[in-house]
Amino acid sequence: MDATVKTTKSGIIGGVLGGISRLYVIINTLLTLNFFTGLIAAEMLQGLPIIAPIFLVPLMIVPAIIGFFIKKDKLCLWAIILNIILFLVPIGYHVIGTLVFGT
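First residue of the sequence shown: 31, per this note's numbering; consecutive thereafter.
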């Protein structure tokens with residue numbers, strides 16, 4: 031009975047860690063889409079939605095990896111995959127911008 035309680039607690043912790051990481055991906059994706067489309071005026075953010083993932087994704091992928099080791103579920107796996115994609119978006123944006131506009 032004690033092992034079942036430990037498994038349940040670790041499963042909850044793993045799910046929460048994956049959820050935190052995925053919540054960051056969703057929020058930053060919405061900010062990035064707003065940066066490109068300009069639906070909501072957010073002049074204070076300027077280029078932050080493009081630059082922030084380069085610095086914050088390595089910090090946000092750690093809870094997803096820990097959660098995946100604790101509880102092997104698809105939420106943590108998708109959080110890891112989406113964080114990697116979110117990390118590559120600004121790099122691709124800057125590479126394409128350099129190739130198209132030069133300098």
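Every residue gets a Cβ at the ideal spot worked out from N, C-alpha and C, and that includes glycine.
- Put simply, the backbone Cα of glycine 132 is about 13 angstroms away from that of tyrosine 123.
- Ranked by Cα distance from isoleucine 91, the options Ile42, Ile43, Ala72 and Ile50 are led by Ile50.
- In the displayed model, isoleucine 70 falls within coil according to three-state DSSP, outside both helix and strand.
- Listed in chain order, the non-local C-beta contacts of glycine 48 below 6 angstroms within the same chain comprise Ala94, Gly97, Leu105, Cys106 and Ala109, local neighbours out to five positions each way being set aside.
- Our two residues, glycine 41 and glycine 68, have alpha carbons roughly 39 angstroms apart in a direct line.
- Counting C-beta atoms within 10 angstroms of its own C-beta, glycine 44 has 16 or more neighbours from the protein chains shown and is therefore classed as buried.
- In the three-state reduction of the DSSP assignment, leucine 75 falls in the coil class, being assigned neither a helical nor a strand state.
- Between leucine 116 and proline 88, the C-beta gap is not smaller than 8 angstroms, which leaves the two residues out of contact.
- Note that the C-beta distance between threonine 62 and isoleucine 80 is below 8 angstroms.
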